[in-house]
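See structure below.
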Amino acid sequence: MSTEIAEYHSIPPARRGLLIAFKWLVQAAIVIAVAGLVIWLGLAVREALARKGIQFSFGYLGNVANFSLSEGVVPSFAGGWPILEPFSPSNTNLQALFAGLWNSLKVALSAIVLCTMFGTLVGIGRLSTNWLVRNLCFGLVEAIRNTPLLIQIVFWYFAVVLRFPPASAASNWFGGLLASRSGVFLPGLAVSERAGAASWGLLAAAFALVAACVILRGLRLRLIFLAAAIAALIVAAVIGFPLGLDLPVATRFGARGGFAISPEMTALLIAIVVNSSAYVAEIVRGAIESLPKGQWEASASLGLSRSHTLRDIILPQVFRIVLPSLANRYISLTKDTSLGIAIGFPDLFNVYGTVSNQTGRNLEGVVIVMLTYLALSWIISACVNGLNARVNGRRTR
Amino acid sequence: MTTLALRWVHRNLFAKPFDAALSLVVIPLLAWAVYAFGYWVLVQAHWQVVGGSFKVLMTGIYPADQLWRAWFSVATLCAMFGAGLGLSLRPGRSALTSVAVLAILISAAVATAIDVHSGMLTAASAALGIAAWIGAHRWAVDQRIVLSGLLAGVVAIFVVVSPPGFEVWGGLLLSVVLTIAVSILTLPFGILLALGRQSRITSLRVISTAYIETMRSVPLILVVYWIWIIVPLLAPDTSVPGLLRGMAGFALFFAAYVAEYVRSGLQAVPKGQIEAAKSLAMSSWTLNVDIVLPQALRVVVPSLVGQILDIFNGATLVFIIGLTDFLRAGQMILADPQNSGRTYEIYVFLFAVYLAIGGAITYASRRLEAHLARGSR
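So the sequences go chain by chain: A and B.
Heads up, the first sequence is in this note's numbering, so the first residue is 110 and it goes up one at a time.
Heads up, the second sequence is in this note's numbering, so the first residue is 6 and it goes up one at a time.
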């Protein structure tokens, strides 16, 4: 702004007013042109819809959906308590979109956690002193980044997950994990009948204490809170722990119990985690390499081992550098869940497609879906920016 | 020799106890994986399914008597790729030899899998590419001439391949032509958006920023699908082919990404130059076109080449609007009950081709980066 004023000083006053007026005119012309374009688009679309006898309105969201989804839950009320129950065809279109969003988030959040872990490992592997490990990681990352995500997704689905043994002969790994072509079953948590309100309260308290530990600063306070949380857990266990381990059991028609993951979600999750890990690995590697080499040398001359240096000196700094790039990766990953449509995973985009096919309301739906993805992107970058400020805040000031 | 090898093994695989442990775990696993995969590729796999459906994989349902059009595009692409290489890479003996060996291998593979005729056409295209490479380097052609030549090549491909109709485009041909067309379409639009985002005119800046940010936070598949749906509503009397609608969707989406790359290039131009130009009373148009943009674009050329890979990989999403690209063609072959047991053969072939093309694009982008970095210092 100041440069503009400085520029105007060199112009005679009579012309200055004219110039400013001209600039305003340009601004107005641009706004009017873009607004005109948008309005023309809107009118043309409305007219086209009117010709088909459809009006632009969001009323259809309240109508009964009349289709079923292979997975997905909707919020509902049971005796005054909000619960999540499986989506059924008698639910509304809005609830269907919610179920789709739920499925997208389910995959996105699990993938964010897993790809950060694996990606960091592979990124460190790319800098290993072991030639074989280093080049293996490099080859893996290159192969994944140079092939489309979609072929990776369909490969994992059609060539891997659907080739798992049938449910009756499901492979059983590590005692609790069942893999069959009707999905993957993990040990889950089940509510036990003998739990009282007191033990539930203690469990909630333990959770709150652990959360406080994460948020609070100060080692002493954290230790006290952690000890209190452990004490609460022990007491809860003694008076009847409300949650029990629920191991899946293979039956002739599938598996019973445990935490079930559908084959579509299994394939999509594996594909996205593997794909994003490659990108995260590159981000982590770039960050490690961007740190001054002198730090490695200094810590080596202090007699620290390479793994010690990595853990205590390099990685804490890397964490600060990679956050913005990781945020971008997380956003891409969330958008990538929309490719689940290729293997029939009912994510938000897939459900939107079904709803708009049933109702003929593409435009209303696309507005909702676009706004949802925009909101998700903003939430992710807000979270990471907040973390970034927390991590880097003290250093910049 | 053996001592050297032993020393290499010691230093690279068994330098420390942890490294040794890793090596002892990784080497047997790797050996087993290589053996299992090699055995499958050489002994167990039935590659006839790929040879038998090669035409579908490469061109989809493109009419068989019009295939010379597809061959024309292959030859033109080879020549364009060769000329592009000639600009950035000296045709050294080792590079030429490796390309020639590769070309002979591919031609031999095509000749044994399909027919001798196709193999010879492949070899001729490869030879044309090498000739263009040497030619572009030998005569040190002006960059502008090469660029307009590339553009002319793209237009020629489009004109020659179009006549049988956009509906019959398919397979790898569709993926490649879509990628090239979208890469070129996004460039001007992306540059304008980047300039708009940097503009001093507030309304222009706000609108450009809003466009870029919106496009960057929604999935590509949604944009492509939506453009595909909305075009018939906007132009009810004319029927726009699905392929062109798809291209429009891709271009609108990737322009936002190009804009961000170009913006980073714009920021790399030293401020002093802009101030100097302003103090010479240069208009902002001349300033941008003659001073800022040439330097900014030069910086972002490697990123833009890398973006071509994103577009090529994204081209698989055209299944959502019912087009049959390379991946979809492979899936259609597998849908035939006769080939249902050949899943791995088809997928391995698709992966290999995607990896080869993607690897070439990545390699080109890296070479360009090194080349430009050398020149600019």
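Glycine is no exception: its CB is placed at the ideal position from the N, C-alpha and C atoms.
Quick check: GLY234 of chain A and TRP211 of chain A, are their CB atoms within less than 7 Å of each other?
Mapped onto the first sequence, residue 234 of chain A falls at position 125. Mapped onto the first sequence, residue 211 of chain A falls at position 102. No. Outside cutoff.
Within its chain, find whatever has a CB closer than 6 Å to the CB of SER112 of chain B; leave out the 5 residues flanking it on each side and keep chain order.
One-based indexing of the second sequence puts residue 112 of chain B at position 107. Same-chain partners within the cutoff: GLY124, THR127, ALA128.
Comparing C-alpha positions only, which one of A:THR443, A:GLY469, A:GLU156 sits nearest to TYR169 of chain A?
Working through the first sequence from its first residue, we reach residue 169 of chain A at position 60. Ranking the options by Cα distance to TYR169 of chain A, first place goes to A:GLY469.
Which residue's Cα is closest to the Cα of ILE338 of chain B: B:GLY327, B:LEU328, B:ILE351, B:ILE326?
Position 333 of the second sequence, counted from the start, is the residue given in the question as residue 338 of chain B. Comparing Cα positions, the closest option is B:ILE351.
Suppose the cutoff is 8 Å on Cβ atoms and the five residues either side in sequence are ignored; what does the same chain contact list for VAL418 of chain A look like?
Here residue 418 of chain A is taken as the residue at index 309 of the first sequence, counted from 1. Per the sequence shown, the amino acid found at residue 418 of chain A is Thr instead of Val. If we look at THR418 of chain A and ignore the five residues flanking it on each side, its Cβ neighbours are GLN404, TRP405, SER408, ALA409.
Check whether the stretch 294 to 312 of chain B and the stretch 260 to 267 of chain B are in contact - that is, three or more C-beta pairs closer than 8 Å.
yes
Quick check on ALA375 of chain B: does DSSP put it in helix, strand or coil?
Here residue 375 of chain B is taken as the residue at index 370 of the second sequence, counted from 1. Here ALA375 of chain B sits in helix by DSSP.
Environment of LYS444 of chain A [buried if 16+ CB atoms lie within 10 Å]
Taking the first sequence and counting its residues from 1, one reaches residue 444 of chain A at position 335. LYS444 of chain A is buried by the Cβ-count criterion.
When the distance is taken between beta carbons, is ASN239 of chain A closer than 7 Å to ASP330 of chain B?
Position 325 of the second sequence, counted from the first residue, corresponds to residue 330 of chain B. Position 130 of the first sequence, counted from the first residue, corresponds to residue 239 of chain A. No.
With DSSP as the reference, please indicate the residues paired to VAL183 of chain A in a beta bridge.
As a working mapping, residue 183 of chain A is identified with position 74 in the first sequence. BP columns for VAL183 of chain A point to A:GLU194.
Taking DSSP as the reference, what is the three-state secondary structure of GLY126 of chain A?
Here residue 126 of chain A refers to the residue found at position 17 of the first sequence. The answer is helix: DSSP assigns GLY126 of chain A an H, G or I state.
Best match in A:LEU134, A:GLY395, A:ILE262 for proximity to ASN318 of chain B [C-alpha to C-alpha]:
Counting from one through the second sequence, the residue named residue 318 of chain B turns up at place 313. Looking at the Cα atoms, A:ILE262 is the closest of the given residues.
Is the beta carbon of LEU432 of chain A closer than 7 Å to that of ASN497 of chain A?
In the first sequence, counting from the first residue as 1, residue 497 of chain A sits at position 388. In the first sequence, counting from the first residue as 1, residue 432 of chain A sits at position 323. Cβ distance < 7 Å, so ASN497 of chain A and LEU432 of chain A count as in contact.
Report, in whole angstroms, the separation of the C-beta atoms of GLY91 of chain B and ALA50 of chain B, which I expect to be a contact under 8 Å.
Looking up residue 91 of chain B in the second sequence gives position 86. Looking up residue 50 of chain B in the second sequence gives position 45. Their Cβ separation, rounded to whole angstroms, is 37 Å, which puts GLY91 of chain B and ALA50 of chain B out of contact at 8 Å.
I'd like to check one pair, PHE227 of chain A with SER509 of chain A: are the Cβ atoms closer than 7 Å?
The shown model of chain A, from 110 to 506, leaves out residue 509 of chain A, and the question about it has no answer.
I need the boundaries of the alpha helix (DSSP H) containing PHE368 of chain A, first residue and last residue.
Against the first sequence, residue 368 of chain A aligns to sequence position 259. Taken as a continuous stretch (DSSP letters only), PHE368 of chain A belongs to no alpha helix (DSSP H), being part of the beta strand (DSSP E) at 368 to 370.
Check whether the Cβ atoms of ASN172 of chain A and LEU360 of chain B lie closer than 7 Å to each other.
Walking along the first sequence from the start, residue 172 of chain A turns up at place 63. Walking along the second sequence from the start, residue 360 of chain B turns up at place 355. Cβ atoms of ASN172 of chain A and LEU360 of chain B: not closer than 7 Å.
If contact is defined by three or more beta carbon pairs under 8 Å, each pair taking one atom from either stretch, is the stretch 173 to 193 of chain B in contact with the stretch 53 to 69 of chain B?
yes
Taking Cβ positions, are ALA341 of chain A and LEU311 of chain A nearer each other than 7 Å?
The residue you call residue 341 of chain A lines up with position 232 of the first sequence. The residue you call residue 311 of chain A lines up with position 202 of the first sequence. Closer than 7 Å, so yes.
Enumerate in chain order the residues of its own chain whose CB-to-CB distance from THR505 of chain A is below 6 Å, with the five nearest sequence positions on each side excluded.
For the purposes of this step, residue 505 of chain A is taken as the residue at position 396 of the first sequence. Caution is warranted here: a pLDDT of 46 is assigned to THR505 of chain A, below 50, making its placement in the model unreliable, and no coordinate value can be reported.
Sequence ranges, alpha helix (DSSP H) only - wholly within the stretch 287 to 351 of chain A, length at least 4
306 to 324, 328 to 347
Are any of the Cβ atoms in chain B nearer than 7 Å to that of SER291 of chain A?
Numbered from its first residue, the first sequence carries residue 291 of chain A at position 182. Cβ-Cβ to chain B under 7 Å: no for SER291 of chain A.
Please list, in chain order, all residues of the same chain as LEU398 of chain B whose beta carbon is under 7 Å from its beta carbon, the five residues on each side excluded.
Outside the modelled stretch of chain B, which goes from 6 to 382, sits residue 398 of chain B, for which no answer is possible.
Distance between LEU72 of chain B and GLY247 of chain B (C-alpha atoms, nearest Å):
In the second sequence, residue 247 of chain B corresponds to position 242, counting from 1. In the second sequence, residue 72 of chain B corresponds to position 67, counting from 1. Approximately 22 Å between the Cα atoms of the pair.
Helix or strand or just coil, what does DSSP make of THR418 of chain A?
Taking the first sequence and counting its residues from 1, one reaches residue 418 of chain A at position 309. Of the three classes helix, strand and coil, the one that applies to THR418 of chain A here is helix, per DSSP.
Compute the Euclidean distance between the alpha carbons of PHE247 of chain A and VAL31 of chain B, then round it to the nearest angstrom.
Counting from 1 along the first sequence, the entry for residue 247 of chain A is found at position 138. Counting from 1 along the second sequence, the entry for residue 31 of chain B is found at position 26. Between PHE247 of chain A and VAL31 of chain B, the C-alpha separation is close to 15 Å.
Can you list the beta strand (DSSP E) stretches of 3 or more residues lying completely in the stretch 330 to 357 of chain B, in chain order?
none
Taking only beta carbons into account, state which residues of the stretch 344 to 365 of chain B come closer than 7 Å to chain A, listed in chain order.
THR348, TYR349, TYR352, LEU355, PHE356, TYR359, LEU360, GLY363, GLY364
Going by beta-carbon coordinates alone, are VAL460 of chain A and GLY292 of chain A separated by less than 7 Å?
Position 351 of the first sequence, counting from 1, holds the residue named residue 460 of chain A. Position 183 of the first sequence, counting from 1, holds the residue named residue 292 of chain A. Contact flag unset, no.
Sheet register partners of GLY176 of chain B (DSSP bridge)
Sequence index remark: in the second sequence, residue 176 of chain B carries index 171 (1-based). Note: GLY176 of chain B sits in a beta bridge opposite B:ASP330.
Cβ of PRO136 of chain A less than 7 Å from any chain B Cβ?
Taking the first residue of the first sequence as 1, we reach residue 136 of chain A at position 27. For clarity, residue 136 of chain A is Gln in the given sequence; the question names Pro instead. So yes, GLN136 of chain A belongs to the interface.
Please determine if the stretch 219 to 226 of chain B and the stretch 482 to 499 of chain A are in contact, where contact requires at least 3 C-beta pairs separated by less than 8 Å.
yes
Hey, is LEU480 of chain A's beta-carbon within less than 7 Å of any beta-carbon in chain B?
Reading the first sequence from its first residue, position 371 is the one you call residue 480 of chain A. Output row for LEU480 of chain A: interface = no.
Given that ASP24 of chain B touches chain A, what residues does it touch there, using C-beta distances under 7 Å?
Counting from 1 along the second sequence, the entry for residue 24 of chain B is found at position 19. Within chain A, the residues near ASP24 of chain B are THR238, ASN239.
CB contact flag (LEU356 of chain A, PRO425 of chain A, <7 Å)
Numbered from its first residue, the first sequence carries residue 356 of chain A at position 247. Numbered from its first residue, the first sequence carries residue 425 of chain A at position 316. In this structure, PRO425 of chain A does not lie closer than 7 Å to LEU356 of chain A by Cβ.
Are any of the Cβ atoms in chain A nearer than 7 Å to that of ALA41 of chain B?
Here the question's residue 41 of chain B lines up with position 36 in the second sequence. No - not a single Cβ of chain A is within 7 Å of the one on ALA41 of chain B.
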